[in-house]
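Accompanying notes for the structure given below.
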RNA sequence: GGUUCCUUGGCCGAGUGGCUAGGCACUGGUCUGCAAAACCAGCUACGGCGGUUCGAGUCCGCCAGGAACCUCCA
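Residue numbers (full-length UniProt numbering): 1 to 491.
In structure tokens, the structure reads:
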């Protein structure tokens with residue numbers, strides 16, 4: 001089958017066949033978190049979306065350089081000249097060094113991403129480590145006459161840019177609309193137009209995040225870091241730029257404008273945007289305060305949570321929706337995902353128990369093709385998962401002796417399932433049972449009890465048999481009777 | 001107010017102009033000492049009103065409801 005990958009490109013609003021700039025190599029840049037708070041459920045969406053893309057591109061044989069930045073400067077708490085840097089504000093509140101805050105939340109972010117089995121990007125650059133590169137861009141844009149200095153700050157001249165370029169090509173906006181719809185905000189007297197954006201901001205006296213420059217002691221503007229770091233590590237033209245839909249405007253639009261001025265062309269060929277996670281129909285986000293942190297998800301300690309959810313459950317939940325659709329949080333949905341995933345992983349581990357036959361009663365080739373068709377269609381993980389559940393059904397039927405595969409087909413099925421479930425979807429099968437914990441004493445004790453139960457059953461002593469089963473279940477041991485004995489696992 | 005998008009069965013969530021999405025839940029059956037798991041079968045659907053079409057959740061228009069962005073946000 002031909003393996004043509006189609007990706008939805010926000011620039012064209014269409015699915016386009018993916019063709020890398022350099023054969024066999026892919027440059028992927030994704031907007032990472034602003035590290036001024038604990039990672040929440042919303043942060044998992046882009047992380048997982050682009051993790052799967054990263055994994056799939058590698059599976060297809062591409063050598064991928066994946067850059068995901070850490071934003072540790074430059075975001076203003078409120079617009080206008082009175083704005084205070086988010087990191088600085090948090091540092092002031094917590095009486096910590098700004099870099100201490102940044103380090104703390106960076107560590108937290110990375111460790112939660114690890115728990116979600118998200119592969120580390122090739123490079124995780126920090127904005128604060130690229131001040132020089134950002135200042136170079138400011139100078140470049142100034143020298144080309146598309147920025148102006150005002151009271152120690154430097155602003156991008158959107159109106160002038162728009163004379164020879166199309167500001168709004170990504171987000172579908174135009175400058176006239178922006179003029180009429182932008183709100184009146186205080187402290188915008190430095191700007192010529194409300195839609196101009198800062199490349200460099202002069203720091204107020206109390207502002208502690210600051211770097212020297214010929215304009216002022218200050219800090220780089222909102223959108224500059226991505227232009228600087230993507231160009232530095234991926235070149236001035238790279239393949240894919242990703243991020244949340246909420247960054248489409250103004251962040252990515254400004255990024256395109258900046259990079260276009262510097263390099264004469266848009267920085268990325270394909271722009272991909274993941275949709276939001278909602279809760280009660282509303283976007284889960286910092287500003288609304290309606291977010292659930294990953295710590296809370298994994299511990300269950302939050303008013304909205306009926307139970308805790310494992311990292312893999314969260315991951316599976318997110319993969320069961322297409323990345324461009326909103327996904328609504330609910331306990332019911334998470335619980336459904338958890339059960340479905342357990343069934344999928346159970347079948348996956350049972351692959352090893354399957355025995356080959358002379359003939360095959362279902363087509364592994366067809367299943368395989370369907371999986372790749374789903375992935376190639378804009379990384380459609382929900383459809384992929386639907387096909388994997390067909391595989392689950394077939395695997396279980398084989399276990400029940402109602403389906404069969406030849407030895408060759410069985411090998412293909414095992415490879416396919418391993419590629420899809422483990423390599424691409426990134427589910428980890430750390431079976432938290434017999435072997436996990438590796439407590440031999442515990443294992444043998446449970447086996448002993450269950451063997452006693454087998455004896456009780458043989459004697460038709462149902463009371464004893466049920467007592468052993470019920471009490472072990474109460475302790476969290478799942479028991480399945482089989483034809484010639486039992487299986488058990490720890491929940 | 002401007003721009004864009006969404007509205008699918010008990011819940012979550014795919015999708016194409018005509019053929020079962022899938023998961024969870026539920027119902028019946030098989031298996032089981034009884035369960036659990038598994039297998040088989042069934043179940044509830046495309047916001048409303050018009051239009052295009054041989055045929056429309058799928059295209060067009062209007063209406064209703066909701067969301068995102070326009071300000072930091074994944």
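Where is the CB? At the ideal position from N, CA and C, for every residue including glycine.
Quiz item: From residue 476 to residue 11, what distance separates their C-alpha atoms?
Solution: 51 Å
Practice problem: Check the C-beta distance from residue 293 over to residue 360 and give it rounded, since I have them as a contact under 8 Å. | Solution: 48 Å between Cβ atoms; not a contact.
Self-check item: Sufficient close CB pairs (3 or more, under 8 Å) joining the stretch 136 to 149 to the stretch 82 to 98
Solution: no
Quiz item: For residue 292, which three-state DSSP category applies?
Solution: coil
Quiz item: Can we say the stretch 85 to 105 touches the stretch 49 to 68, given the rule of at least three CB pairs closer than 8 Å?
Solution: At 8 Å Cβ cutoff, the stretches do not touch.
Self-check item: residue 8: first and last residue of the uninterrupted beta strand (DSSP E) it sits in
Solution: 6 to 9
Quiz prompt | Contacts around residue 310, its chain only, beta-carbon distance under 8 Å, and the 5 residues preceding and following it disregarded | solution = 298, 338
Quiz item: Can you tell me whether residue 153 is buried or exposed, with buried defined as 16 or more other CB within 10 angstroms of its CB?
Solution: buried
Exercise. Could you name the residues that DSSP lists as bridge partners for residue 272?
Key: 242
Exercise. Going by CA-CA distance only, name the one from 41, 25, 119 that's closest to residue 55.
Key: Taking the Cα of residue 55 as reference, the smallest distance to any Cα among 41, 25, 119 is reached at 119.
Quiz item: What is the C-beta distance between residue 230 and residue 67, in whole angstroms, given that I count them as a contact (C-beta under 8 Å)?
Solution: 7 Å
Quiz prompt | Collapsed DSSP secondary structure at residue 27 in the structure displayed | solution = strand
Practice problem: Measure the CB-CB distance between residue 241 and residue 29 and report whether it falls below 7 Å. | Solution: Contact annotation: residue 241 and residue 29 have beta-carbon atoms nearer than 7 Å.
Quiz item: When you compare only the Cα positions, how much space is there between residue 166 and residue 404?
Solution: Residue 166 and residue 404: Cα-Cα distance of roughly 59 Å.
Quiz item: Relative to the alpha-carbon of residue 128, which residue among 69, 108, 158, 234 has its alpha-carbon at the smallest distance?
Solution: 69
Quiz item: Residues bridged to residue 40 by DSSP?
Solution: 293
Quiz item: Does DSSP classify residue 97 as helix, strand or coil?
Solution: Coil at residue 97, not helix or strand.
Practice problem: Ignore the nearest five residues each way along the sequence and tell me which others in residue 8's own chain have a CB closer than 6 Å to its CB. | Solution: Only 15, 378 meet the Cβ criterion.
Quiz item: DSSP puts residue 282 in a beta bridge; with which residues?
Solution: 279
Self-check item: Sufficient close CB pairs (3 or more, under 8 Å) joining the stretch 39 to 52 to the stretch 276 to 296
Solution: yes
Quiz prompt | Buried versus exposed call for residue 277 [16 or more other C-beta atoms within 10 Å across all chains shown] | solution = Taking all protein chains shown into account, residue 277 has 16 or more neighbouring C-beta atoms within 10 Å of its C-beta and is therefore buried.
Quiz item: From what residue to what residue does the beta strand (DSSP E) around residue 169 run?
Solution: Per DSSP, residue 169 belongs to no beta strand (DSSP E) and is neither H nor E.
Quiz item: Expressed to the nearest angstrom, what Euclidean distance is found between the alpha-carbon atoms of residue 13 and residue 245?
Solution: Between the alpha carbons of residue 13 and residue 245 lies a gap of roughly 13 Å.
Quiz item: Under 7 Å, do residue 513 and residue 347 count as touching if we go by C-beta distance?
Solution: Since the first and last residues shown for the chain are 1 and 491, residue 513 lies out of range.
Quiz item: Helix, strand or coil for residue 16 per DSSP?
Solution: Note: residue 16 maps to strand in three-state DSSP.
Quiz item: Is it buried or exposed for residue 400, if we count other Cβ within 10 angstroms and need 16 for buried?
Solution: exposed
Quiz item: Beta carbon of residue 456, beta carbon of residue 465: below 7 Å?
Solution: In this structure, residue 465 lies closer than 7 Å to residue 456 by Cβ.
Quiz item: Counting along the chain, where does the alpha helix (DSSP H) carrying residue 462 start and finish?
Solution: 462 to 474
Practice problem: Check whether the Cβ atoms of residue 273 and residue 254 sit closer than 7 Å, and answer yes or no. | Solution: No; because the gap between Cβ atoms is not below 7 Å, this pair is not in contact.
Quiz item: Per DSSP, which one or two residues make a beta bridge with residue 220?
Solution: Its beta-bridge partners are 200.
Quiz item: What residue from 173, 409, 283, 490 has the CA that sits closest to residue 439's CA?
Solution: 490
Quiz item: Helix, strand or coil: which one does DSSP assign to residue 336?
Solution: helix
Exercise. Give the range of the alpha helix (DSSP H) segment to which residue 408 is assigned.
Key: Segment 407 to 417, the alpha helix (DSSP H) holding residue 408.
Self-check item: Contacts around residue 313, its chain only, beta-carbon distance under 8 Å, and the 5 residues preceding and following it disregarded
Solution: 334, 337, 338, 341
Quiz prompt | Beta-bridge pairing of residue 454 - partner residues as DSSP gives them | solution = Partner residues in a beta bridge of residue 454, as assigned by DSSP, do not exist.
Quiz item: Do residue 156 and residue 197 come within 7 Å of each other at the CB atom, strictly closer than that value?
Solution: yes
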